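Residue numbers (our numbering), protein chains in the order written: chain A, 1 to 65; chain B, 66 to 288; chain C, 289 to 511. Here a beta-carbon is modelled for each residue, glycine too, at the ideal position from N, C-alpha and C. Owing to the predicted nature of the structure, the values given are computational and were not obtained by experimental measurement. Here's the structure, in structure tokens; my notes come after.
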Amino acid sequence: MIRQSPVTDAAFVFAGYLVVVGGVALYAVTLRRRVAKAAARARAIRAYAAGPDDAEPAVTERRAP
Amino acid sequence: MMVRQTIASRSGRLVAAGVALVVASGLVLVPADASQGDVQRLMYVHVPAAWVGYLAFFVVFACSAGYLWRRDPRLDRLAAASAEVGVMFTGLAIASGSIWGKATWGQWWDWDPRLTTTAVMLLAYIAYLLLRQTVSEQRRRGRVAAAFGLIAFLNVPLVHFSVLWWRGLHQAPTVLRPGDPTIDHVLLAQLLASVAAFSLAYAWLVWQRTRLEGLLDTAVTRD
Amino acid sequence: MALLGDAVALARKDVVAEIRARDALPAAATLGATGLVLVALAVGPDVGRMRLLAPALVGVVLAFATVTLADRLDSIDRADDALVALWFALDDPRAIFAGRVISLSASLTTLELGLWLAAATLLDLRPGAGALLLVPLAVASSVSRAAVAALVTSLVGGSPHRALLAPALLLPMLVPTLLAGVQAASAVLAGGQGVQWTAVLVAESLLFLGVGLITYGEAAGPA
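What follows is the structure, given as structure tokens:
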């Protein structure tokens, strides 16, 4: 096993924590944004299906069959 | 709808606070390891990320079996969500393990059985997501993904036992092993707290991802 | 028993088609020979090193050949909607899966034994009496490869993205068989019997066959 200097050790530890915590946080933020967008589209679709107004049918993230 | 958003938002903050707490204690409060020094602190993010990967892929397996049996679309959505979150955590486990490897072994990657089988497991679940992406019809997507979700799980025990079946650089299990864990009690407590916090983060992410999957399915059905 | 009878009839149909057309197995054999020659060229004129590499080389070549063979047989069935007709004509559609496993196993066993013969000649392997042990080893690993390949190709067969999906899904799932097969063959070539690893191969075969039989009727189906 290689022993580095304390400063190098600390740099590796911070890099590791940054990758994991940063990765999870980035995924969570992106996911929240995607959910909010999809919820808004679902509301628009419901409004379009329910009433005779001019609401546009939503274009969804997933390709329709 | 608004109530659900509020609950999601508040529980999300609570989970984030929990993760922040274990991260802070892993970085500062817990004493350094006698042999590896401070570098060993990477264990408190690397092991939980890997554990959550296993947990996520077990959920994919269980939901796949359940879907083939009951044909409940919620199980299919849960499997899809769990696979995506599991791929993310396994990727992070590999990345943090690589950093730990550079610090202790002197190299970013080694063709060690644990590392290699983990990479293969990651590829199998990326292929699972790819398969879902390419089938647009909901029921067919659910069926083919469930069948693949069942066989893909075979990779998980292979990863776990690879360190016992072959010799490599990666250490053998210290907690999930027969007999007492070979780790100091304070470090073990920190590790278990990290595992719990990451598992909660997984549950929250899967909840949100399942919701997204449901919203997308609803939108496609009604379009 | 009806399932077994139908499966044998369908396997015979595959074998007869292969004997008449002579395309899939020669293509896989050419792929295998090319792999053998290319690796030998890349490694250099070091027979000792090539002898050590031989089991891994044969295993990797077989993994790629499995993708080619399984895809070829599946595409023959899908031409002119023959698969749809078979699906509705049979009492139990799982006979299609079982028949494919039998015919693929026969082709892969032939190919594996041919590759061992080529490797023995080109790399000066001297397995001695152990050569006989390579036969059950080839059968066990071929059944395992065939079972997983028959299931996975049936899942992606109808997709326009099959050329991408088939190797992406199948190669990671062939890894457990590759690992056990290489370990068993290495043990045999080193003068041992490789019983433990052959047992692992048999267990993998049974597992893949079981999952295939359980899920095929539910998951595969004509797209």
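Exercise. Could you list which residues in chain B have their beta carbon closer than 8 Å to that of Arg34(A), in chain order?
Key: Leu277
Quiz item: Can you name, in chain order, every residue of its own chain whose Cβ lies under 8 Å from the Cβ of Val296(C), other than the five neighbours on each side?
Solution: Gly387, Ile390
Exercise. Below 7 Å between beta carbons is the criterion; list the residues of the stretch 169–199 of chain B that meet it against any residue of chain C, in chain order.
Key: Val185, Leu188, Ala189, Ala192, Leu195, Leu196, Thr199
Exercise. Take Ala358(C) as the anchor and find which of Leu458(C), His449(C), Gln484(C) has the nearest alpha-carbon.
Key: Leu458(C)
Exercise. Buried or exposed for Ser100(B), please, with buried defined as at least 16 other CB atoms from any protein chain shown within 10 angstroms of its CB.
Key: exposed
Practice problem: Identify whether Asp98(B) lies in helix, strand or coil by the three-state DSSP scheme. | Solution: strand
Quiz item: How many whole angstroms separate the CB atoms of Ile364(C) and Leu298(C), which I take to be in contact at a CB cut-off of 8 Å?
Solution: About 12 Å; that fails the 8 Å criterion.
Quiz item: Under 9 Å between the Cβ atoms of Val88(B) and Val110(B)?
Solution: yes
Quiz item: Under three-state DSSP, which class holds Asp289(B)?
Solution: Any question about residue 289(B) goes unanswered here, given that chain B covers just 66 to 288.
Exercise. Output the boundary residues of the alpha helix (DSSP H) element that contains Gln471(C).
Key: 450–477
Quiz item: What do you reckon, are the CB atoms on Thr576(C) and Ala211(B) nearer than 9 Å?
Solution: Beyond the ends of chain C as shown, which are 289 and 511, falls residue 576(C); an answer cannot be given.
Exercise. Output the distance between the C-alpha atoms of Val444(C) and Ala217(B), rounded to the nearest integer angstrom.
Key: 15 Å
Quiz item: Closest Cβ-Cβ distance between Ile159(B) and chain C: below 9 Å?
Solution: no
Quiz item: Below 9 Å between beta carbons: does that hold for Leu411(C) and Ala316(C)?
Solution: no
Quiz item: Where do the ends of the alpha helix (DSSP H) carrying Ala158(B) lie?
Solution: 138–169
Self-check item: Identity of the residue in Leu215(B), Thr181(B), Trp269(B), Arg106(B) nearest Asp9(A) by Cα
Solution: Arg106(B)
Quiz item: Rounded C-beta distance between Ala468(C) and Glu492(C)? I'm assuming under 8 Å.
Solution: 6 Å
Self-check item: Under 8 Å (Cβ pairs) to chain C, residues found in the stretch 197–216 of chain B
Solution: Thr199, Val200, Arg205, Arg208, Val209, Ala211, Ala212, Phe213, Leu215, Ile216
Quiz prompt | Partner residues on chain C for Leu133(B), Cβ-Cβ distance less than 9 Å | solution = Ile502, Thr503, Glu506, Ala507
Quiz item: Going straight from the alpha carbon of Gln80(B) to that of Val68(B), what length do you get?
Solution: Checking the sequence, you will find Val at residue 80(B) rather than Gln. One C-alpha to the other measures close to 18 Å.
Quiz item: Where does Asp103(B) fall in DSSP's three states?
Solution: helix
Quiz item: Of all Cβ atoms in chain B, is any one closer than 9 Å to the Cβ of Phe12(A)?
Solution: yes
Practice problem: Starting from the C-beta of Trp485(C), find all residues in its chain whose C-beta is less than 7 Å away, skip the five residues before and the five after it, and write them out in chain order. | Solution: Ala468, Gln471, Ala472, Ala475
Self-check item: Nearest-angstrom Cα separation, counted from Pro6(A) out to Arg46(A)
Solution: 59 Å
Exercise. Determine the closest residue to Leu392(C) out of Val436(C), Leu374(C), Ala417(C), Val372(C), with distance taken between C-alpha atoms.
Key: Val436(C)
Quiz item: Which of the three DSSP states, helix, strand or coil, is assigned to Gln481(C)?
Solution: coil
Quiz item: Quick one: is Ser322(C) buried, meaning 16 or more other Cβ sit within 10 Å of its Cβ, or exposed?
Solution: Inspection of the sequence shows that residue 322(C) is occupied by Thr rather than by Ser. By the 10 Å Cβ count, Thr322(C) comes out exposed.
Quiz item: Just curious, the alpha helix (DSSP H) that Asp359(C) is in, first and last residue?
Solution: 335–366
Quiz prompt | Beta-carbon separation (whole angstroms), Leu453(C) vs Leu253(B), contact threshold 8 Å | solution = At roughly 43 Å, the Cβ-Cβ gap does not stay under 8 Å, so Leu453(C) and Leu253(B) are not in contact.
Self-check item: Under 8 Å from the C-beta of Lys447(C): neighbouring residues of chain B
Solution: As written in the sequence, residue 447(C) is Ser, which differs from the Lys given in the question. Result: Thr199, Val200.
Quiz item: Excluding sequence positions up to five away, which residues of its chain have a Cβ less than 8 Å from the Cβ of Leu133(B)?
Solution: Arg208, Ala211, Ala212, Leu215
Practice problem: Check Pro65(A) in the structure and name its three-state DSSP category. | Solution: Here the model assigns Pro65(A) a pLDDT of 45, short of 50, so the residue's position is not dependable, and the following value carries that caveat. In this structure, Pro65(A) counts as coil in the three-state DSSP scheme.
Quiz item: If you pair each beta-carbon of the stretch 152–167 of chain B with each one of the stretch 271–286 of chain B, do three or more pairs fall below 8 Å?
Solution: no
Practice problem: Taking only the alpha-carbon atoms, compute the straight-line gap between Val499(C) and Thr182(B) and give it to the nearest angstrom. | Solution: 21 Å
Exercise. Determine whether the Cβ of Met461(C) lies closer than 9 Å to any Cβ atom of chain B.
Key: yes
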